[in-house]
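Right, one structure below, let's go through it.
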Ligand SMILES: Nc1ncnc2c1ncn2[C@@H]1O[C@H](COP(=O)(O)OP(=O)(O)OP(=O)(O)O)[C@@H](O)[C@H]1O
Ligand SMILES: [Mg+2]
């Protein structure tokens, strides 16, 4: 038996040697196949691990539990519902947490409630007028002086813009012209010195509408138990400010989100140029970078009115020196040149000047850490509801600082989420009433809060008032930006989902079964992180599907080619098979001969291909594969993917080639066994 | 002496398109152990067909072939194969050696197929038979490194290494020059006389026939003469041609 196997291997090897060219082509094809399978599976697994590390350990956990009656699928980072998904509710988070915490392999449990909220930020003119009005009302005339200068400065910029527009089109009316003329006149500001309030009213009604509209940005909010969240997700880092303290209302926003969406346009565009240059692009050679610089130039006048009047001269001096113009030149002109004439030689220096001289003197973001922002959302019941929340800090995800995912969600406390989500239950009402009593805070008067924080959007205010009229107590509670509440009570309330982080992610299947057993009686379902993170989590599944399909097709083609060449070889060897049959070899032996020959080829090809693949992945693991786009950083677990290769991948590669060789050999082997011994007698060798 | 092979009223038809070709017509033949028999006849007379039936690589259309007591047409393909492996040796017109194997490995092949013979025993038997056919110095050679005569000697060694009851050779000298052919026949004759191995070989070369102890003459699928060597084979052969 053993001797026979040795004979078969020997016959196989010898026959392969006898047909060198054919063996090399077929073997090469299979080697390539094995190489491809091992490398792509290793990369896929690495990407999946990296994605897991990106998402699971920073936001989603391995498993998400949510209402079994949910009409839509949970999509943490947003799905196709844009916030209108119906995820059902988990009436009491604490109950779920207690049921799940004890389970083997569970290391962290974090509640979630997702809501989308709009935040309006006032335009620059509104902001300046608001500040001026506050100073005047407070009777702080020394502060009012520079603020008045700023309003006047903005009016001057608007006037310059209007003159430019007038030269190209006739759309500017005489009214507008008159208002701007008056707003920039010495007469008006002398009047302001004397009696500020009537002038302020005039500015509010006439000048304010001419200013740029404030803009509204949207936050995808994840309400959570921030303490538990911080403890569970080790990759979250607060880069500015601090974690919202326990039992306090507050929000943490993502660094990459504010950098990419909310940052002042000049700074944002300059950042883009810097990133692209770091990747090897040049301003001279890249059209899009020139366009980006053009955008920065167009946004540059804003710098002038974002600057405090006393800072204008300081900045002008530095910029004038840089661009080689007299200091007396208008700052708008200087800035136009400073940014407009950026090139590869001066970029790094000017970028440095921007961040050292200009950036510290202007507000780069619509809000600062410590500011209170007003978040507005459509509640479940269809009302608009506004909540004032303090921005406690800015967070990022370790290793994914430049990825979009790092800021995709803003984090807030559960009470804020519940109010924006707007679910009304008797227990929540009671809870809020209790909270109000417990906090002992005086109700802030709605109008003043609105005035202080809410520059522009009148329609929102109106709806809020309607809502407030219906539920006066709750509205007043809502207005408080930094009241405290009892954490224990909060966790007893409603959430939308619960993240579960596992100790050993490779036991996901097993643990999810156990989780289901525990939570299904409580009316919940369990989803893996891939299912629960919408598009982001499923990208890897899609890539896997596409890749496996491609591999399957490749192997199908290889099988067909191999099959054809084996059929030819069999036909050439009819006399040999006939002879063997005549001298006493059974059909099975002839069959084994053909199968063995290809199997030997398959194993050789598999081994060579796998060794090459392992070497390749090890090398890639050393140098890393750069993420071609920021979006892919999530999949790569950071700016570079350092892939690893596992035994599984190699086994899969070997199995694949072996399977191909066996499949390809089925038909030729059948042909060979059908060769009759008589052919040996028919002469010719 | 008991018969090793009995051919009784055998006919053999070959399909040829819509028609059938009858290659053998009621052939009767009995061969005893130890005989050195030649089947002679012109081309197309049915020599190969008859040897195929005797050699159990084919079964008759009518009549029966009894090999060593077994009726071949009642045996399965497996059983026929086993029979060929254990009791028959084949020497082919064009040698039919396995090109990728060495001389030693070609001769060892039937022993490996039989199984159950240990390495030392195989080596001993292969070397001894190769010694007898005079190829001791060529164990590691490949068939394509040998002359025609040497190849046929390898084939003879392969046929005899299993100590078969019967060795069949279909025109063993047809691809050899006459001197080499003769020496091959001498070798076969020698092995027949020393070991008592039964040989049946076909030929239409009358010099070859001279060496046979019995000549069975076939024509148009019929046995037309069956003469023992002691009844002047040379004269009989001369008469035929
Ligand atoms: N496979 C086959 N199919 C059809 N007819 C066949 C087949 N084999 C042999 N025949 C026919 O049977 C007859 C006998 O052929 P066979 O090969 O037995 O003759 P032979 O005596 O061996 O001839 P040769 O001396 O040429 O080898 C011939 O007429 C031949 O054409
Ligand atoms: Mg013939």
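Residue numbers (our numbering), protein chains in the order written: chain A, 1 to 685; chain B, 1 to 241. Positions of the beta carbon are idealized from the N, C-alpha and C atoms, including for glycine.
Exposed unless 16 or more other CB atoms sit within 10 angstroms - verdict on residue i
i                     : result
residue 89 (chain A)  : buried
residue 619 (chain A) : exposed
residue 445 (chain A) : Confidence at residue 445 (chain A) is low in this model, with a pLDDT of 36, below 50, so the placement of that residue is unreliable and no value is reported for it.
residue 5 (chain A)   : exposed
residue 622 (chain A) : exposed
residue 130 (chain A) : buried
residue 541 (chain A) : exposed
residue 657 (chain A) : buried
residue 681 (chain A) : buried
residue 197 (chain A) : exposed
residue 700 (chain A) : Residue 700 (chain A) is absent from the structure shown; chain A starts at 1 and stops at 685.
residue 669 (chain A) : buried
residue 530 (chain A) : buried
residue 14 (chain B)  : exposed
residue 761 (chain A) : No answer is possible for residue 761 (chain A): it lies beyond the span of chain A, which begins at 1 and ends at 685.
residue 321 (chain A) : exposed
residue 93 (chain B)  : buried
residue 141 (chain A) : exposed
residue 194 (chain B) : exposed
residue 599 (chain A) : buried
residue 291 (chain A) : exposed
residue 552 (chain A) : exposed
Residue i beta carbon near ligand 1 (any heavy atom closer than 7 Å)
i                     : result
residue 41 (chain B)  : yes
residue 21 (chain B)  : yes
residue 206 (chain B) : no
residue 44 (chain B)  : yes
residue 16 (chain B)  : yes
Contacts of residue i in chain A (Cβ-Cβ under 8 Å)
i                     : result
residue 125 (chain B) : What residue 125 (chain B) touches in chain A: nothing, since even the nearest Cβ is about 14 Å away.
residue 20 (chain B)  : In chain order: nothing, as chain A lies at least about 17 Å away.
residue 52 (chain B)  : 678, 681
residue 165 (chain B) : None at all; the shortest Cβ gap to chain A is about 13 Å.
Proximal residues of chain B, C-beta to C-beta of residue i below 8 Å
i                     : result
residue 14 (chain A)  : 100, 101
residue 589 (chain A) : 113
Residues that residue i contacts on chain B, provided the C-beta gap is smaller than 9 Å
i                     : result
residue 569 (chain A) : Near residue 569 (chain A) there are no residues of chain B at all, since even the closest Cβ is about 13 Å away, more than 9 Å.
residue 18 (chain A)  : 99, 100
residue 579 (chain A) : 90, 92, 96, 97, 98
residue 4 (chain A)   : 112, 113, 115
Under 9 Å from the C-beta of residue i: neighbouring residues of chain A
i                    : result
residue 37 (chain B) : Going along chain A, no residue has its Cβ under 9 Å from residue 37 (chain B), so there is no contact; the nearest lies around 17 Å.
Residue i beta carbon near ligand 3 (any heavy atom closer than 7 Å)
i                    : result
residue 16 (chain B) : Ligand 3 is not among the ligands present in this structure, which contains only ligand 1 and ligand 2.
Proximal chain A residues relative to residue i, where beta-carbon distance stays under 7 Å
i                     : result
residue 110 (chain B) : 583, 584
residue 48 (chain B)  : 681
Partners in chain B for residue i, counting only beta-carbon separations shorter than 7 Å
i                     : result
residue 11 (chain A)  : 100
residue 712 (chain A) : Residue 712 (chain A) falls outside the range modelled here, since chain A spans only 1 to 685, and no answer is possible.
(request) Could you list the residues in the segment 56–74 of chain B with a C-beta less than 9 Å from some C-beta on chain A, going in chain order? (result) Answer in chain order: 56, 57, 58.
(message) If you measure from each CB to the nearest heavy atom of ligand 2 and keep those under 7 Å, what residues do you get, in chain order?
(response) Spelled out in chain order, the answer is B:47, B:48, B:170, B:171, B:202.
(request) Give the residues from the segment 581–608 of chain A that approach chain B closer than 8 Å (Cβ to any Cβ), ordered along the chain. (result) So the close ones are 581, 582, 583, 584, 585, 586, 587, 589.
(request) Residues of the segment 546–577 of chain A with a CB closer than 8 Å to any CB of chain B: list them in chain order, please. (result) 575, 576
(message) For the segment 41–53 of chain A, list every residue whose C-beta sits within 7 Å of some C-beta in chain B, in sequence order.
(response) The residues in question: there are none.
(message) What are the residues in the segment 77–89 of chain B lying within 9 Å of chain A by C-beta distance?
(response) 77, 78, 80, 81, 82, 83, 84, 85, 86, 88, 89
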